[in-house]
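Undergrad: Just so you know, the sequence shown maps onto residues 31 to 212 in this note's numbering.
Here you go, one structure.
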Amino acid sequence: MATSPETEGFNVEFDIDRGTSYLSTVYCCVNLSTVIGILCMPCAPYCGKKVMVNQSCTIDDKRIHVKSGWINKEDKLIPLDRVQDVNVQADCCMRCFGVSAIAIQTAGAGNPGQAAEATLIAPKDPLKVRSILMEKRDKLVLGHTAHDNGVDFVKKQPSAMIMEVQQIRESVQRIEQQLAKK
């Protein structure tokens with residue numbers, strides 16, 4: 031997995047061979063449902079390969095750039111601060127081929143039954159991709175990553191914010207004392 035110097039981003043690598051095998055099998059299963067589909071079955075490996083080769087994803091410090099599609103091309107820029115959830119999915123067919131998919135849910139796009147904002151098919155290391163994506167999102171939104179546990183976050187904040195939090199804590203303590211007297 032490489033980074034490109036011009037974008038300072040993380041380029042997701044895909045397992046083209048396994049992804050092609052998986053997609054070819056899915057296309058063949060779908061094609062069995064119609065007569066025309068049966069005639070198109072020899073094209074399934076070619077179509078699967080084209081879909082995999084035309085898929086790319088770069089994660090930089092502010093956005094995710096996803097390109098996909100062979101016939102119907104998509105080029106999406108997803109702001110990291112809108113990312114709500116990143117799911118690694120592997121249904122039984124995917125597990126047979128040793129692949130998984132990453133579904134990226136964003137604010138406003140994660141309603142039940144609604145498709146993910148972007149889906150990456152057969153990334154080489156899906157857990158690492160999810161980890162990097164969430165770390166970059168946390169750093170942008172929270173000012174620190176989950177690994178920092180917020181320790182450095184408090185040190186980086188302006189003193190006015192710290193003083194305000196201390197005032198709130200003192201107010202809560204006074205309220206608790208008055209409630210204890212009753």
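Glycine residues also receive a C-beta, built at the ideal position from the N, C-alpha and C atoms.
Predicted model only: the values in this text are computed from it and were never measured.
1) So, under 8 Å CB-CB, V113 and L163 are touching, yes? Tell me the CB distance rounded to an integer number of Å.
2) Taking DSSP's pairing of strands, which residues face R93 in a bridge?
3) Report the start-end ranges of each beta strand (DSSP E) in the region 109 to 176 that is 3 residues or longer and not cut off at the edges.
4) Short of 7 Å in beta carbon distance, which residues of its chain neighbour V81, apart from the five on each side in sequence? Order them along the chain.
5) Would DSSP call T88 helix, strand or coil?
6) What runs of the alpha helix (DSSP H), each 4 residues or longer, lie entirely inside the region 32 to 87?
7) Please name the residue, chosen from V202, I68, N84, E38, that lies closest to T50 on a Cα-to-Cα basis.
8) May I ask you to list the residues that DSSP assigns as paired with S255?
9) Determine, using beta carbons only, whether D115 and V171 come nearer to each other than 8 Å.
TA: Let's see:
1) Between the beta-carbon of V113 and that of L163 there is about 7 Å, and that keeps the pair under the 8 Å contact cut.
2) Paired residues: P109.
3) With a minimum length of 3 residues, the continuous beta strand (DSSP E) runs that stay inside the region 109 to 176 are 113 to 119, 131 to 136, 148 to 151.
4) Here the set comprises L53, W100.
5) It is a strand residue.
6) The DSSP assignment places 46 to 61, 65 to 70, 74 to 83 as complete runs of the alpha helix (DSSP H) inside the region 32 to 87, in order along the chain (cut-off: 4 residues).
7) When each option's Cα is compared against that of T50, the closest is N84.
8) In the structure displayed, the chain extends from 31 to 212; residue 255 sits before or after that span and is not available.
9) Between D115 and V171, the C-beta spacing is not below 8 Å.
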